[in-house]
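Engineer:
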Amino acid sequence: MEVGKSLKEKTITGLFWSFTDQFASQGIQFFVLLILARLVSPEDFGLIGMVSIFIVISNTLIDCGLTQALIRERKVSQEEYSTIFFFNFVMASLLFIILYLIAPLVSTFFHDFRLVTILRVLSIGLLINSLGIIQRVILIRNINFRTQTKINFSAALCAGIIAIIFSLFGFGVWSIIIQSLIFQLAQTILLWKCNKWIPTWTFSYQSLQKFFWFGNKLLISNLIDTLYNNCYSIIIGRLYPAAQLGYYTNASKLGDVIINSTTSSLQRVTYPVLSTIQDEEKLLSEGFQKIIRITAYIMFPLMCGMIVISDSLIPLLLGPQWNDAIIYFQLIAFAGMIYPLHAVNLNILQVKGRSDLFLKLEVIKKILLTILIAISLSFSLGILGLLGAAILSSYISLFINAYYSAKEISYSIWKQLKDILPLFLLSIFMGSFVFFIGVISPGNLIIKLIFQVISGCLLYASIGWMFKMKEFIVIYSLLFQLFNKVSRQNFKSKGA
Numbered sequence: 115m116e117v118g119k120s121l122k123e124k125t126i127t128g129l130f131w132s133f134t135d136q137f138a139s140q141g142i143q144f145f146v147l148l149i150l151a152r153l154v155s156p157e158d159f160g161l162i163g164m165v166s167i168f169i170v171i172s173n174t175l176i177d178c179g180l181t182q183a184l185i186r187e188r189k190v191s192q193e194e195y196s197t198i199f200f201f202n203f204v205m206a207s208l209l210f211i212i213l214y215l216i217a218p219l220v221s222t223f224f225h226d227f228r229l230v231t232i233l234r235v236l237s238i239g240l241l242i243n244s245l246g247i248i249q250r251v252i253l254i255r256n257i258n259f260r261t262q263t264k265i266n267f268s269a270a271l272c273a274g275i276i277a278i279i280f281s282l283f284g285f286g287v288w289s290i291i292i293q294s295l296i297f298q299l300a301q302t303i304l305l306w307k308c309n310k311w312i313p314t315w316t317f318s319y320q321s322l323q324k325f326f327w328f329g330n331k332l333l334i335s336n337l338i339d340t341l342y343n344n345c346y347s348i349i350i351g352r353l354y355p356a357a358q359l360g361y362y363t364n365a366s367k368l369g370d371v372i373i374n375s376t377t378s379s380l381q382r383v384t385y386p387v388l389s390t391i392q393d394e395e396k397l398l399s400e401g402f403q404k405i406i407r408i409t410a411y412i413m414f415p416l417m418c419g420m421i422v423i424s425d426s427l428i429p430l431l432l433g434p435q436w437n438d439a440i441i442y443f444q445l446i447a448f449a450g451m452i453y454p455l456h457a458v459n460l461n462i463l464q465v466k467g468r469s470d471l472f473l474k475l476e477v478i479k480k481i482l483l484t485i486l487i488a489i490s491l492s493f494s495l496g497i498l499g500l501l502g503a504a505i506l507s508s509y510i511s512l513f514i515n516a517y518y519s520a521k522e523i524s525y526s527i528w529k530q531l532k533d534i535l536p537l538f539l540l541s542i543f544m545g546s547f548v549f550f551i552g553v554i555s556p557g558n559l560i561i562k563l564i565f566q567v568i569s570g571c572l573l574y575a576s577i578g579w580m581f582k583m584k585e586f587i588v589i590y591s592l593l594f595q596l597f598n599k600v601s602r603q604n605f606k607s608k609g610a
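Given below as C-alpha cells:
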C-alpha cells in the first residue's frame with residue numbers, strides 16, 4: 115500500500131511539473147513565435163523548415179536510444195553515466211563535421227544557396243545539446259521535473275528576448291537561428307548548474323554495449339519516426355515555394371504547443387513510473403488504463419476545440435498574412451489528437467523491454483505512410499493530400515500500437531477502444547457546439563473567440579460533473595490535491 119501511495123504521489127507531482135515545464139517553456143516559445151511571425155516573413159520560416167530535418171535526425175543519432183535505456187535501468191553507476199556522456203559528445207562532433215561538409219549539397223537540393231550558412235551555424239547546437247543529455251537523464255530518473263521546469267522556462271525566456279531584439283533590427287531568418295542556439299546554450303549551462311553530477315575520465319565498452327543492446331532498436335525506430343515526421347518539410351520545400359513551407363512550419367509549431375507538449379509530458383513521467391512496476395502485472399495494467407482514459411479525456415476536446423476556433427485564433431495570433439496556415443493547422447491538429455495515445459502505448463513496449471517489437475511496428479507503420487504519401491503524390495493532391503495521408507496513417511497506426519501493447523498487459527485493444535470512443539464522440543459533440551457558438555457570435559474575432567472557449571469549457575465540464583465521469587473525478591481530485599500541496603508549500607515558505 116505504501117509503495118502504491120508513494121508511486122501515486124510521485125506520478126501526481128511528476129505530471130504536474132512535467133506539464134508545467136512543457137507548457138511554460140512552450141508557452142514562452144509560443145509567445146516569441148507570435149511576435150516573430152509579425153516581424154519575420156513566411157519564407158524565412160520556410161528556410162529553417164528545410165534544414166530542420168538534418169538537425170533533428172542528428173540529435174536522434176547522438177542519443178542512439180541510450181537515454182531510454184538509462185532511464186529504464188534500475189541502477190546506473192558513475193562509470194556508466196560517464197561512458198554515455200563521452201559517447202554522446204563524440205557522436206555530436208562527428209555529426210557536426212558531416213553536416214558542415216554536406217551543407218552545399220543540401221543547398222543544391224533545395225535550390226537555395228542561403229542554406230549552406232544556415233545549416234552550418236544551426237549544427238553548432240548539436241555540440242551544445244550533447245553536453246546536457248546525461249544531466250537531463252538524471253533529473254528524469256529522479257522524476258525531478260520541477261528543476262527541469264525552471265531550467266527550460268529560464269532558457270526559453272532568455273532566448274526569446276534575444277530573438278525578438280534581433281528581429282526588430284531586421285535580422286530575419288537569423289533571429290530564429292539565434293533563438294535556437296541561445297536556448298540550447300542556456301539550457302545546458304543551467305542543467306550543469308542545477309545538477310551536481312560531473313563525469314569522470316572513465317569509459318566502459320561493456321557498459322556501452324549493454325545499453326546499446328536495448329537502445330539500438332529504439333534508435334532505428336526513432337530514426338524512421340523522425341525521418342517520416344519531417345518528410346513533409348522535405349517534400350514541400352522541394353516541390354513548393356519556401357513561403358508554403360513557412361505556412362506549414364508555423365501551423366505545425368502551433369500544433370506542437372499542445373500535441374508535443376502533452377505527448378512529451380506523458381512520456382517523460384509515465385515511462386519511469388511504469389518502469390518501477392514493470393513486474394507487477396495487475397498494477398501495471400490498471401495504471402495504464404487510467405493513463406489512457408485521462409489522456410483521451412483531456413486531449414480529444416482540446417484538439418477538437420482548437421480545430422473549430424482556428425479560423426479566429428490564427429489571424430489574431432499571427433496576423434492575417436498567415437491565413438493560409440489555418441487549413442494546415444486544422445489537419446495537423448486532427449492527426450495529432452491521438453499522438454499522446456500512441457506514446458503511452460509505445461511506452462508499454464519499452465517498459466517491457468520489447469525494443470524489437472517497437473522497431474517492427476515502426477517499420478510497418480512507415481511502410482503504410484509511404485504508400486499513402488505515394489498515392490497522394492501520384493494523384494497530385496497537393497499539400498492537403500499529404501496531410502490527409504498523415505491523418506489516415508495516424509489513426510490506423512493507433513490500432514496497430516494498441517493491438518501489440520495489449521499483448522504485453524491484460525488490457526485488450528477492444529477494451530481500450532471501448533474506453534476512448536465515448537470520449538471521442540463527446541469531444542465531437544462539444545466541438546460542434548463550439549462551432550455553432552462561433553456562427554451566432556458577433557463578427558469581432560476576439561469576442562467570438564472568448565464566447566467559443568468559455569462555452570466549450572463549460573459544456574464539457576458540466577457533462578463530466580452531471581454524469582460523474584471517472585476521468586472528471588480523477589482530474590478534479592488531482593487538481594484539488596495539487597492545489598492543497600502548493601498552498602501548504604506557500605504557507606511553509608511564508609512561515610519560514
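Numbering (the working numbering), first residue to last: 115 to 610. By construction, the Cβ of each residue, glycine as well, lies at the ideal position given by its N, Cα and C atoms.
#1: Of the choices VAL230, GLU476, ILE587 and GLY502, whose alpha-carbon is the least far from that of ILE162?
#2: Ordered along the chain, which non-local residues of its own chain (more than five positions away) have a Cβ less than 6 Å from that of ARG234?
#3: On the criterion of 16 or more Cβ atoms from any shown chain inside 10 Å, does TYR509 qualify as buried, or is it exposed?
#4: As an exercise, report each continuous alpha helix (DSSP H) stretch of at least 4 residues that is fully enclosed by the region 443-491, in chain order.
#5: When you compare each of ILE303, ASN459, VAL190 and LEU398 to LEU531 by their alpha carbons, which one comes out closest?
#6: Give every residue of the same chain whose Cβ lies closer than 7 Å to the Cβ of THR484, excluding the five residues on either side of it in the sequence, and list them in chain order.
#7: If you run the structure through DSSP and keep just helix, strand and coil, what is ASN243?
#8: With distance defined between alpha-carbon atoms, name the residue in ARG255, ALA277 and ARG250 nearest to LYS264.
#9: Could you tell me the distance, in whole angstroms, from the CA atom of ILE564 to the CA atom of SER424?
#10: Compare the Cα-Cα distances from PHE210 to each of ILE171, GLU194 and GLN182 and report the closest residue.
#11: Distance, Cα to Cα, GLN298 vs SER166?
#12: State the CB to CB distance for the pair ILE247 and THR340, rounded to an integer number of angstroms; the pair is presumed to be in contact (CB under 8 Å).
#13: Between GLY467 and chain B, is any beta-carbon pair separated by less than 7 Å?
#14: Drop a sphere of 10 angstroms on the beta-carbon of LYS562, count the other beta-carbons inside from all chains shown, and report buried for 16 or more, exposed for fewer.
#15: To the nearest angstrom, how far is the alpha carbon of MET115 from that of ALA520?
#16: With distance defined between alpha-carbon atoms, name the residue in ILE254, PHE200 and ILE149 nearest to LEU184.
#17: For the alpha helix (DSSP H) containing TYR354, list its first residue and its last residue.
#18: Going straight from the alpha carbon of SER196 to that of ASP470, what length do you get?
#19: Is TRP436 buried or exposed, if buried means 16 or more other CB atoms sit within 10 Å of its CB?
#20: Given a threshold of 16 other Cβ atoms within 10 Å of its Cβ, counted over all protein chains shown, does GLY401 qualify as buried or as exposed?
#21: Taking all protein chains shown into account, do 16 or more other C-beta atoms lie within 10 angstroms of the C-beta of LYS119, making it buried, or fewer, making it exposed?
#22: Can you tell which of TYR518, GLU522 and ILE577 has the C-alpha that lies nearest to the C-alpha of LEU540?
#23: Would a C-beta distance cut-off of 7 Å place LEU304 and SER426 closer than the cut-off?
#24: For LEU236, collect the residues of the same chain with a Cβ closer than 7 Å to its Cβ; drop the 5 residues on either side in sequence, then sort them by chain order.
#25: Go through its chain and collect everything with a Cβ distance to LEU500's Cβ below 7 Å, but skip five positions before and after it.
#26: Can you tell me which of PHE267, SER244 and LEU416 puts its alpha carbon nearest to the alpha carbon of SER207?
#27: Under a Cβ-count criterion, where at least 16 other Cβ atoms within 10 Å of its own Cβ denotes burial, should GLN614 be classed as buried or exposed?
#28: Mapping DSSP to helix, strand and coil, what is PHE285?
#29: Out of GLY433, PRO454 and GLY557, which one is the CA nearest neighbour of ILE149?
#30: Mark ILE406 as exposed unless 16 or more other C-beta atoms lie within 10 angstroms of its C-beta, in which case mark it buried.
#31: Can you confirm whether the region 407-422 touches the region 325-339 when touching is taken to mean that 3 or more C-beta pairs between the two stretches lie within less than 8 Å?
#32: Determine whether the beta carbon atoms of PRO415 and MET580 lie at a separation below 7 Å.
#33: Is THR316 helix, strand or coil by DSSP?
#34: Distance check for ALA273 and GLY570, CA to CA, integer angstroms please.
#35: Compare the Cα-Cα distances from LEU332 to each of TYR517, SER399, THR377 and ASP177 and report the closest residue.
#36: DSSP three-state label for ASP226, please.
Structural biologist: Quick look at the numbers:
#1: VAL230
#2: TYR214 and ALA217
#3: exposed
#4: 453-465
#5: ASN459
#6: none
#7: DSSP places ASN243 in helix when its eight states are reduced to three.
#8: The shortest Cα separation from LYS264 among ARG255, ALA277 and ARG250 belongs to ARG250.
#9: Going from the Cα of ILE564 to the Cα of SER424 covers about 13 Å.
#10: Here the closest residue by C-alpha is ILE171.
#11: 15 Å
#12: 16 Å between Cβ atoms; not a contact.
#13: Looking for chain B here will not work: only one protein chain is present.
#14: buried
#15: Unreliable positioning characterises MET115 in this predicted model, as indicated by a pLDDT of 40, which lies under 50. The coordinate reading is nonetheless provided below. Near 26 Å, if we compare the C-alpha coordinates of ALA520 and MET115.
#16: ILE254
#17: Note, TYR354: premise wrong, no alpha helix (DSSP H); not H, not E.
#18: When the Cα atoms are used, SER196 and ASP470 turn out to be separated by approximately 26 Å.
#19: buried
#20: buried
#21: Residue confidence is low: LYS119 scores 47 on pLDDT, short of 50, so the model does not pin down where it sits. Its coordinate-derived value is still stated next. Its Cβ having fewer than 16 others within 10 Å, LYS119 is exposed.
#22: Among TYR518, GLU522 and ILE577, the Cα nearest to that of LEU540 belongs to ILE577.
#23: no
#24: Once the five neighbours on either side are set aside, the close Cβ partners of LEU236 are VAL165, ILE169, ILE291 and SER294.
#25: TYR346, ILE349, ILE487 and SER490
#26: SER244
#27: The first residue shown for the chain is 115 and the last is 610, placing residue 614 beyond what the model contains.
#28: coil
#29: Comparing C-alpha distances from ILE149 to each of GLY433, PRO454 and GLY557 shows the shortest one belongs to GLY433.
#30: buried
#31: Contact between the region 325-339 and the region 407-422 is absent, with fewer than three C-beta pairs closer than 8 Å.
#32: no
#33: Assignment of THR316 by DSSP, reduced to helix, strand and coil, places it in the coil class.
#34: 34 Å
#35: ASP177
#36: coil
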